[in-house]
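Residue 176 in numbering that gives the first Met the number 0 sits at position 177 of the sequence shown, and the numbers go up by one each step.
Each residue gets a CB set at the ideal place from its N, CA and C atoms; glycine is no exception.
Since we're looking at a predicted model, the values are computed, not measured.
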Amino acid sequence: MTRKNQHNVFRPKCSFFKLLSGVFICGVMVLQLRHFHSITIATHIPLDELLPTKLNTTNGSNIKNVQAKDTNVQNGAKDSFFSACLLIKDDNKILPEWLAYHYTALPLRNLIVGLDPFSLTSPVPILDKFRELGMHVHVWNESYHFPGEYNNGTSQQHLLEAYEKRQRNFFKQCMKQLKQEKHGWTVFIDTDEYITFNPYRHDEGHAYRCTQKHEESDEKGLAVCNETYVNATIRTRLPNIGSSTISDFLASDDGKGWVDHHMFNKSKSCAVLPRVFFTTRSNITTHNKESAMHLVPEGFDVDEFRTFLYHDHSAWQSVNVGKSMVYAKKYIYDQKMKSPHVVGGKQNCFNGPFVKHDEFPLRVQHYQGSFEEFVRPGYLKKTPVFFEKIRQDWKFAPVGLDSSIEPWLTKFVELVGKEKALEVTLEARRWAFSNDATRFSQQV
C-alpha cells in the first residue's frame, strides 16, 4: 500500500450504481451520531505499514472514528461485557497487552478511545486487530472532545493542567455516550493499569476496620475482629483470573450482593476501586522464569509481558487514590467532572478518591514498567532521572510478591487461538517499538 493510498483508507467513498430508471444514486458511508461525527469503516491495516508521521490534530483527517460490528453489542446483551473509556497519548508499546488482558478478564467488548490531540503516533493499527476479534471500537479525536482552550500554555504546569482538562472532558462525553446507549459496567483506567480480582491474603495484615476499632495493644480483640472479618468476606471466595471473568463474578450471588449493598441500594452507580503499585524491578530470574513457563503458551516470551515480569508490589494496607468503575445505565450525568478518579463525583460514587484495599473484591494493579516502555516520541524530558523521580513520587517500597494475574494469557490463547494471540500481542508490541523509534528519531 502506498503512502497516498494509506491516507485514503480512512476516507468514505461514493459508489455509483446505475438503476433501471437510469438514475444514479451516490451512497455515502457516513454515520451521524448524536453528539459527534463518526465514520464507520472496516479497514484492516497491516501492522507493518506505518500511518502518517504527524497526525493531523486540527481537522482529524488522518484518523476518523473507528467502530466495529459486534453481535453482542447489537443484540443488547450489554450486561455480559464491559465498556471502557480510554485516553491515549503515544501508548502503543503497552497497548496490545492491555487490550488482550481486558478482552479476556472483564471481558472488554466496547471501547471508546480518546486520541490526545498532541499524539505523534496512532493506535489504529493495533485497535484494528482487536476489532477483528469482535471488539466494538470508537476512536475520538475531534476538537469537540478536545477544545482548543484546553491546549493553551507551554510550561510543564500548563501542559499538565491542559491534559487533565482534556481527560475530564473526554470522560464526561464518553460517559454521556455510554449512558445514552444503555451500556452496563464501564471502567476508567489507563494503559498501565489492570483490573483483577482482589482475594484475601494472610500476609496483608489485619483488616483496616479492625485496626480502627481496636487499640494496637488490644491484640485479642483485634484477632477476633479480623477472624470474623475473614470468615465473612467474599474475598475468600473469589475465582481466579482465567477461570472466570469479572463480569461473571458481578452477576453471581456474591457479586450482586456486594454491588447492591454498596451501590444500588444507596442509589449509587460508581465504585472507586483500590489501586496497588507494582515496581519496575523485574522478578524474572533463570529459576522463576522456568517455573513461570508452565503458565505461558509455547511461543510467548514472558519478558515481553509486564503482567508476568513484575511481581513486587506496594503494601496491601496502603490507602491510595483509586480508579472508577461505573454502571452506565444508572449514572447521573455530571457536568463538572472534577476528578478523573471519581467519575461522577459523590452523587454517583459511594467512596473515593482514597480507597482502603481490604473492603473490595476487585483491585487495579498499576505497573510503571520499564524505561524502554516509558520513553515515547515527543517526550524528550522523559529521561532516566525523571523515570526514577516518578518512582520516588509513588513512595514505592515493595513489600511482597503477587503473580495471581498470570493465568490470563493461557485463557486468551484458548479464546482466540495461538496464531491470532501472537499477532495481537507480541507482534503488535514489536511493531510499536519499531514505529515509536522512527517517530522518536524524527523529533531529535
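Practice prompt. Flag this pair as yes or no: are the beta carbons of residue 183 and residue 77 separated by less than 8 Å?
Written response: yes
Discussion item. With H, G and I counted as helix, E and B as strand and the rest as coil, what does DSSP make of residue 322?
Written reply: strand
Worksheet item: I think residue 331 touches residue 321, with their Cβ atoms under 8 Å apart; what is that distance to the nearest whole Å?
Response: Going by Cβ atoms, the distance from residue 331 to residue 321 rounds to 20 Å, so no, they are not a contact pair.
Item to complete: Look at residue 253 and residue 365 and say whether their C-beta atoms are less than 8 Å apart.
Response: no
Worksheet entry | residue 230 burial status per 10 Å Cβ neighbour count (16 or more: buried) | exposed
Worksheet item: Should residue 135 be labelled buried (16 or more other beta-carbon atoms within 10 Å of its own) or exposed?
Response: buried
Discussion item. DSSP three-state label for residue 117, please.
Written reply: coil
Worksheet item: Taking just the CA atoms, how far does residue 233 sit from residue 313?
Response: 23 Å
Worksheet item: Near residue 399, which residues of its chain fall below 7 Å by C-beta distance, leaving aside the five closest residues on each side in sequence?
Response: 202, 312
Item to complete: Can you tell me which of 204, 127, 360, 187 puts its alpha carbon nearest to the alpha carbon of residue 238?
Response: 360
Fill in: Rounded C-alpha distance that separates residue 349 from residue 171
18 Å
Worksheet item: Which stretch, first to last residue, makes up the alpha helix (DSSP H) that contains residue 306?
Response: 305–308
Worksheet item: Should residue 353 be labelled buried (16 or more other beta-carbon atoms within 10 Å of its own) or exposed?
Response: exposed
Discussion item. When you compare the CB positions of residue 174 and residue 318, do they come within less than 8 Å of one another, or not?
Written reply: no
Worksheet item: Who are the near neighbours of residue 246 in its chain, counting only those whose CB is closer than 8 Å to its CB and skipping five residues on each side?
Response: 78, 79, 80, 81, 105, 106, 184
Discussion item. For a test of the three-state rule: what should DSSP assign to residue 170, helix, strand or coil?
Written reply: helix
Worksheet item: Going straight from the alpha carbon of residue 270 to that of residue 345, what length do you get?
Response: 10 Å
Discussion item. Does residue 128 pass the burial test, meaning 16 or more other C-beta atoms within 10 Å, or should it be called exposed?
Written reply: buried
Worksheet item: With a CB to CB cut of under 7 Å and the five nearest residues on each side skipped, what residues in its chain are close to residue 277?
Response: 309, 311, 312, 364, 365, 366
Worksheet item: Which same chain residues, not among the five before or five after residue 87, have their C-beta less than 8 Å away from its C-beta?
Response: 94, 112, 113, 114, 115, 118, 122, 190
Practice prompt. Report the partner residues of residue 240 according to the DSSP bridge assignment.
Written response: 243
Worksheet item: Across which residues does DSSP place residue 165 in a beta bridge pair?
Response: In the DSSP output, where bridge partners are listed per residue, residue 165 has none listed.
Practice prompt. Quick one: give me the first and last residue of the beta strand (DSSP E) that residue 257 is part of.
Written response: Here residue 257 belongs to no beta strand (DSSP E); instead the alpha helix (DSSP H) covers 252–261.
Discussion item. Could you compute how far the alpha carbon of residue 156 sits from the alpha carbon of residue 83?
Written reply: 28 Å
Worksheet item: Exposed or buried, which one is residue 250 when buried takes at least 16 other CB atoms within 10 Å?
Response: exposed
Discussion item. By the three-class DSSP mapping on this structure, what secondary structure does residue 451 have?
Written reply: Residue numbering for the chain in the displayed model covers 0 to 443; residue 451 lies beyond these limits and cannot be assessed.
Worksheet entry | Simplified DSSP assignment, three categories, for residue 425 | helix
Worksheet item: Apart from the five residues on each side of it in sequence, which residues of its chain come closer than 6 Å, Cβ to Cβ, to residue 90?
Response: 190
Worksheet item: Whose C-beta lies closer than 7 Å to the C-beta of residue 109 among residues of the same chain, with five residues either side of it excluded?
Response: 72, 80, 82, 135, 182
Fill in: Cα-Cα separation between residue 120 and residue 92, rounded to whole angstroms
11 Å
Worksheet item: How many angstroms separate the CA atom of residue 404 from the CA atom of residue 255?
Response: 23 Å
Item to complete: Have a look at 295, 207, 141 and flag the residue whose alpha-carbon is nearest the alpha-carbon of residue 402.
Response: 295
Item to complete: Go through the stretch 83–109 residue by residue and report every complete run of the alpha helix (DSSP H) that reaches 4 residues or more, in order.
Response: 94–104
Item to complete: Enumerate in chain order the residues of its own chain whose CB-to-CB distance from residue 357 is below 6 Å, with the five nearest sequence positions on each side excluded.
Response: 206, 207
Worksheet item: Does the beta-carbon distance from residue 197 to residue 305 come in below 8 Å?
Response: no
Worksheet item: Leaving out five residues before and five after residue 407 in sequence, what residues of the same chain have Cβ atoms less than 6 Å from its Cβ?
Response: 100, 103, 104, 240, 241
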